[in-house]
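Numbering (UniProt numbering), first residue to last: 1 to 185.
Just so you know, even glycine gets a beta-carbon here, dropped at the ideal spot from N, CA and C.
The structure under discussion appears below in the form of structure tokens.
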Amino acid sequence: MMNNFEIGDKVSVIDDAIDGVVLKINNNEITITTNDDFVLTYKKEELVKINKESLTNLFSSKNVSQVLSEKAEPIKRSFTKEKKSKKEDFVLEVDLHIEKLVPSKKGLSNHEILNIQMDTAKGQLEFAIRNRMQKLVFIHGVGEGVLKSELEFLLGRYEQVSFQEASFQKYGFGATEIYIKQNIR
């Protein structure tokens, strides 16, 4: 079944417990904002529209409530490996390139673009602090360094935050890695 997505459609990730709203469509890639305000990109095949008709058509051999209950209940597995907290493994990566944040930058001044990028950065940083994440990465690109210097100014205002250039092997020159110290009083 081929899904035709439109901006504003409510969607669900097929193999993950993530729901969101379509922000941007670029050929086979769909950018969504999740219910937790993350901006993520998926291939069309990884998403399904959330409405009764699409679920009925997609899973015609099962009833909708059965499919939804399977999605809601994770399959329990037994592991003998050392367990690590998912919070420690998870690194929130925030791409601040304007193309990733708005459907079209047409008509936006450089000042407006920078404000959108900084509002996104501040919101994601505060989200990470609230949710006790230990690390996040802002991907800002190289450019003329305006966004990077604004980010450093913003980060300097947080007592519990330290930052450095992110891994060159993974991100190249255009990313900053932020560490959030926990239990600062």
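Legend entry - Cβ-based burial, Ile7 [other Cβ within 10 Å; buried from 16]: exposed
- prompt: Could you give the distance in angstroms between the alpha-carbon of Glu152 and the alpha-carbon of Leu96?
  reply: 14 Å
- prompt: In the DSSP assignment, what are the bridge partners of Gln117?
  reply: According to DSSP, Gln117 bridges with nothing at all.
(message) Is the beta carbon of Ala128 closer than 8 Å to that of residue 193?
(response) It is not possible to answer for residue 193, since the shown part of the chain is limited to 1 through 185.
Helix, strand or coil at Tyr158 according to DSSP, with G and I counted as helix:
coil
Mind checking who Glu150 pairs with in its DSSP beta bridge? Its beta-bridge partners do not exist; DSSP assigns none.
- Task: Would you mind giving the Cβ-Cβ distance between residue 189 and Phe168, rounded to the nearest angstrom? I have them listed as a contact below 8 Å.
- Result: In the structure as shown, the chain starts at 1 and stops at 185, and residue 189 therefore has no counterpart that could be examined.
Run through DSSP, which three-state label would Phe138 get? strand
Worksheet item: Which value, in whole angstroms, describes the spacing of the CA atoms of Phe5 and Asn183?
Response: 44 Å
- Query: Near His140, which residues of its chain fall below 7 Å by C-beta distance, leaving aside the five closest residues on each side in sequence?
  - Reply: Leu96, Leu147, Lys148, Leu151, Gly174, Ala175 and Thr176
- prompt: So, using beta-carbon positions, are Phe138 and Val91 closer together than 8 Å?
  reply: no
(Q) Determine whether the beta carbon atoms of Thr33 and Val21 lie at a separation below 8 Å. (A) yes
Three-state secondary structure (DSSP) at Glu112? helix
Legend entry - Burial state of Met1 (16 or more Cβ within 10 Å): Here Met1 scores only 47 on pLDDT, less than 50, and its place in the model is too uncertain to base an answer on.
Spatial distance of Thr41 from Leu108 (CA atoms): 23 Å
Exercise. Quick one: what's Phe127 bridged to in DSSP?
Worked result: DSSP output for Phe127 lists no bridge partner at all.
Review point. If we ignore side chains and look at the alpha-carbon of each, how far apart do Gly156 and Phe163 end up?
Key: 9 Å
- [ ] Compare the C-alpha of Asp9 against each of Asn110, Ala17 and Ile25 and name the closest.
- [x] Ile25
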